[in-house]
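J.: Taken in order, these protein sequences are the chains called A and B.
So the first sequence is residues 1 to 103, counted in this note's numbering.
So the second sequence is residues 104 to 206, counted in this note's numbering.
Supplied in structure tokens, the structure appears directly below.
Protein chains: 2
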Amino acid sequence: MLKSTYHVFFSNLANPLRVEIVSQLKEKPRSVGEISRELKVEQSKVSHALASLKSCNIVDFKQKGKQRIYSLNKKTILPILKLIDKHSKTYCSGNCKFCGGGK
Amino acid sequence: MLKSTYHVFFSNLANPLRVEIVSQLKEKPRSVGEISRELKVEQSKVSHALASLKSCNIVDFKQKGKQRIYSLNKKTILPILKLIDKHSKTYCSGNCKFCGGGK
DNA sequence: ATTTCATATGAAACTATATTCATATGACTT
DNA sequence: AAGTCATATGAATATAGTTTCATATGAAAT
């Protein structure tokens, strides 16, 4: 494995929109248009985000007519998110920057 | 949990130096100076990196005289890295950008 | 209390990443 | 093959993150 593999993977998720899309796709697969409308985010922005996620196989898609239906690679991502949830519960008191300084 | 928690966590590891430090601390705890010397990276750069990792409790330290001995929060990080290893083995053929396009 | 060594901090300069908008492609339909 | 709808792409600009360097802090020793 290359030295940079982790960093590339983490970079991919180091972005609020991409994380939002991941969360949304936890529930069910969606087309680009659906993602765009539901999140109220411009189409090309969503496309760029999906291309990035796809480049690390965090999402995949199947063509369905004109649409592309994107789905989450749950096998990898769900356990990682679960570990982070547990981490923040264990190590972060309500007022740390990580847990959301502002709140 | 805040919407941004994941993104903050991932951002923290979305950096080659911080990932390198994490890898190095897998083996054993080290002082700032040791990290700096072993990785041949300037001290203040290492300090900034450690401050960032500390802000998400990815590392912790104990004071030892003038030194700070930093250690990895293995409980969270090791399983996450393991999941990513498995992910890249499963989903990445040798030539994808993620696995290290160049190689 | 001054010096030394280890580490942290701040801010400017530099670099990388994201957003935007105009346009291209690709799959269907007529 | 022309038109339409869905999505992708490229490139300029905008924003965010990193590096660097000078200096500050803090712990121990003299």
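Even for Gly, the Cβ is constructed at its ideal location relative to N, Cα and C.
#1: Select from the region 130-142 of chain B all residues with a C-beta closer than 7 Å to any C-beta belonging to chain A, and list them in chain order.
#2: Which same chain residues end up closer than 8 Å to D163/B when comparing Cβ atoms and leaving out the 5 residues on each side of it in sequence?
#3: Tell me, please, which residues DSSP counts as bridged to V162/B.
#4: Let me know if T90/A comes out buried or exposed under the rule of 16 or more other beta-carbons within 10 Å of its beta-carbon.
#5: So what does K67/A bridge to, in DSSP terms?
#6: Mapping the DSSP letters down to three states, classify S150/B as helix, strand or coil.
#7: With distances taken between CB atoms, is the gap from I105/A to L186/B smaller than 8 Å?
#8: Drop a sphere of 10 angstroms on the beta-carbon of E27/A, count the other beta-carbons inside from all chains shown, and report buried for 16 or more, exposed for fewer.
#9: Do you know offhand how far I21/A's Cα is from E42/A's?
#10: Would you say S114/B reaches chain A, if we count a Cβ-Cβ gap shorter than 8 Å as a contact?
#11: Tell me the residue span of the alpha helix (DSSP H) that contains V22/A.
#12: Using DSSP with H/G/I as helix, E/B as strand and the rest coil, what is S156/A?
#13: What did DSSP end up calling S107/B once you bin it into helix, strand or coil?
#14: Just list the residues that DSSP pairs S134/B with in beta bridges.
#15: Just how far apart, CA to CA, sit L120/B and R68/A?
T.: The answer reads as follows:
#1: Residues of the region 130-142 of chain B with a Cβ closer than 7 Å to any Cβ of chain A: none.
#2: In chain order, K157, Y173, S174 and N176 place their CB closer than 8 Å to the CB of D163/B, counting only its own chain and leaving out the 5 sequence neighbours on each side.
#3: Residue pairing from DSSP places V162/B in a beta bridge opposite L175/B.
#4: In summary, T90/A is exposed, with fewer than 16 beta-carbon neighbours lying within 10 Å of its beta-carbon over all protein chains present.
#5: Residue 67/A is actually Gln in this sequence, not Lys. Q67/A is bridged to K64/A.
#6: Under the three-state reduction of DSSP, S150/B is assigned to helix.
#7: Nothing in the structure corresponds to residue 105/A, since chain A is present only between 1 and 103.
#8: Taking every protein chain shown into account, the CB of E27/A has fewer than 16 other CB atoms within 10 angstroms, so this residue is exposed.
#9: When rounded, the distance between both Cα atoms is 13 Å.
#10: By the rule that beta-carbons nearer than 8 Å mark a contact, S114/B touches chain A.
#11: That run of the alpha helix (DSSP H) goes P16 to E27.
#12: With chain A running from 1 to 103 in the structure shown, residue 156/A is simply not present.
#13: Residue state, collapsed to three classes: coil.
#14: The partner list for S134/B (beta bridge, DSSP) reads I172/B.
#15: Roughly 37 Å separates the two Cα atoms.
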